[in-house]
Amino acid sequence: MLDAPRHTARVELARRVPLWAWAIAVYLAVRAVGVGVLAVMTPEGETLLDQLTAWDGHWYLGIAEHGYTGHGEGTVDADGEPYPSAPFAFFPLLPSAMSIVATLGLPLDLAGIAVATAAGIVAAPALLRLAGHVDPRPTVGLLLVALTASAPMSSTLSMVYTEAPFLACACWALVGVVEHRWALAGTCTLLAGLTRSTAVVLIAVVVAAALWRTWRHRAGWAPLSAVVLAPLGLLGWWGTVHVWTGHTWQEIELRGWGVAWDWGADTWAWITRAVAGEAQPYHVLAVAVLLAAAVLAVAGARLPWPLALYGAGVVTLAVGSGGLPQITPRVLLAAAPVLLLPVAAGLAHRRPATIAAVTGVWIVGGSWYSAYALTVWPYAI
700 MLDAPRHTAR VELARRVPLW AWAIAVYLAV RAVGVGVLAV MTPEGETLLD
750 QLTAWDGHWY LGIAEHGYTG HGEGTVDADG EPYPSAPFAF FPLLPSAMSI
800 VATLGLPLDL AGIAVATAAG IVAAPALLRL AGHVDPRPTV GLLLVALTAS
850 APMSSTLSMV YTEAPFLACA CWALVGVVEH RWALAGTCTL LAGLTRSTAV
900 VLIAVVVAAA LWRTWRHRAG WAPLSAVVLA PLGLLGWWGT VHVWTGHTWQ
950 EIELRGWGVA WDWGADTWAW ITRAVAGEAQ PYHVLAVAVL LAAAVLAVAG
1000 ARLPWPLALY GAGVVTLAVG SGGLPQITPR VLLAAAPVLL LPVAAGLAHR
1050 RPATIAAVTG VWIVGGSWYS AYALTVWPYA I
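This is how it looks when you write it as structure tokens:
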């Protein structure tokens, strides 16, 4: 009986705090675990900040400080030859946001981390909303937030990388689609197109859903606003790249990083090496992530079709692109909200102790894998 008032107080607190605030709190707590694991695994002689600004982060920091043409001086292509157009492979939303935040007095590296953190905070309520359209139980939404925030390669959600901004844009765009809020869907997809090339999948989903809504339900002109808005960011950036450099964005990707669509040939070779035991541990783990994503994409077929199409589309893009197969787990992170939704719904049926145990193992495992990729694996993520 002595515990009854305390229990009542906890219940009353849970009722008073909005669910979206709980989602943000869960996201930040899980990301704190991920960053903590990364800090523990950071090698001697390096700092946590070094890890959070590694790889692509150096490019975004250079672009934010010097601009695209200024940072292009001294850059090289995949063969080590001078290639001043290389920075144009990176999309402009993140470095632009970093430059704006830096005007408040923050160093650029901390500004980049602040942008990523803020984007994750924006994404958390959208994850909750998406889950609610499949299963209205609050537990499902909060589990989806926790699972997504600790998915393989979730370390990039706290880094100077585009993962967190794209996650926010994609989740709110999908919310706009399932709630038939077409201005929201179109605007967020436009912003996603200024963030990274994975937006091509989101654009296809939003346009298809809007056209279907217009044709099937005689929904008038509102859905067509999304059809117009959705591709403007991606096409606008690609057009800008061509005007500035004289090359297409795809040509820059190919020369700079050897990345191009190859119908999965490079991915298949990568998988066969891992199965044959010729790969390093990271390869094996990454292949396991890819195979799990493929299974979850199939399992997600029962979701609302725009969500299922988005998940399958991102998996297809990750598998079909060649040149840097080791970054596949990071590409798949964009699909985590959809791929993990059936997992969250199924897990929510279990006992609280089971939910806590499984979620805890997932958070620790995902955080370790993400930190391993940064601190042990010697190549780009």
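Here our numbering is used: the first residue of the sequence shown is 700, the next is one more, and so on.
Every residue, glycine too, gets a C-beta built ideally from N, C-alpha and C.
Note that this is a predicted model, so its numbers are computed, not measured.
Neighbour flag for residue i against chain D, beta carbons, 7 Å
i: G1064; result: Given the protein chain composition of this structure (a single chain), no chain D is represented.
Simplified DSSP state of residue i, which is helix, strand or coil
i: S853; result: helix
i: A959; result: strand
i: W1076; result: coil
i: Y1071; result: helix
i: L701; result: Residue placement at L701 is poorly supported in this model, since its pLDDT is 46, which falls under 50; the coordinates are not used for a value here.
i: F787; result: helix
i: A929; result: coil
i: H757; result: helix
i: Y726; result: helix
i: A1047; result: coil
i: P824; result: helix
i: D749; result: helix
i: L805; result: coil
i: M858; result: coil
i: H770; result: helix
i: L1023; result: coil
i: L1102; result: Limits of the chain in this structure are 700 at one end and 1080 at the other, which puts residue 1102 out of reach.
i: G744; result: coil
i: E764; result: helix
i: H1083; result: Residue 1083 is absent from the model: the chain starts at 700 and stops at 1080.
i: H832; result: helix
i: T1058; result: helix
i: H941; result: helix
i: S1066; result: helix
i: P794; result: helix
i: V716; result: coil
i: L1039; result: coil
i: T947; result: coil
i: V874; result: helix
DSSP bridge partner residues for residue i (one or two, in chain order)
i: V775; result: P781
Whether residue i touches residue j by CB criterion (7 Å)
i: A850; j: L727; result: no
i: A929; j: V906; result: yes
i: A898; j: L842; result: no
i: A822; j: L866; result: yes
i: L856; j: A845; result: no
i: I1054; j: S784; result: no
i: L1073; j: S853; result: no
i: G955; j: D776; result: yes
i: V839; j: A1056; result: no
i: S1028; j: V997; result: Residue identity check: residue 1028 is Pro in the sequence provided, not Ser. Cβ distance not < 7 Å, so P1028 and V997 don't count as in contact.
i: L893; j: P791; result: yes
i: V900; j: L1016; result: yes
i: V732; j: I1080; result: no
i: Y782; j: T774; result: yes
i: L1025; j: Y1078; result: In the sequence under discussion, the amino acid at residue 1025 is Gln, which differs from the Leu named in the question. Going by C-beta atoms, Q1025 is nearer than 7 Å to Y1078.
i: R730; j: A848; result: yes
i: G761; j: V859; result: no
Enumerate, from N- to C-terminal direction, the unbroken beta strand (DSSP E) stretches of 3 or more residues contained entirely within the region 965-1021.
none
Which complete alpha helix (DSSP H) runs does the region 890-924 hold, if anything under 4 residues is left out?
898-916
Could you check whether the region 834-846 touches the region 881-894, counting it as contact only if at least three pairs of C-beta atoms, one from each stretch, sit closer than 8 Å?
No, the region 834-846 is not in contact with the region 881-894.
Between the region 881-900 and the region 865-872, do three or more beta carbon pairs fall short of 8 Å?
Under the 8 Å Cβ criterion, the region 881-900 counts as touching the region 865-872, having at least three qualifying pairs.
Closer than 8 Å is the cut-off here; do at least three beta carbon pairs connect the region 1034-1046 with the region 1002-1015?
yes
Looking at C-beta atoms only, is the number of pairs between the region 793-801 and the region 973-986 that lie closer than 8 Å three or more?
Under the three-pair Cβ rule at 8 Å, the region 793-801 does not count as touching the region 973-986.
Inspect the CB distances between the region 805-818 and the region 997-1005 and report whether three or more fall short of 8 Å.
Flag = no, the region 805-818 and the region 997-1005 do not touch.
The region 1019-1031 touching the region 959-966, judged by at least three CB pairs closer than 8 Å:
Yes, since at least three Cβ pairs between the region 1019-1031 and the region 959-966 fall closer than 8 Å, the two stretches touch.
Taking three-plus beta-carbon pairs below 8 Å as touching, is the region 983-1002 in contact with the region 944-954?
no
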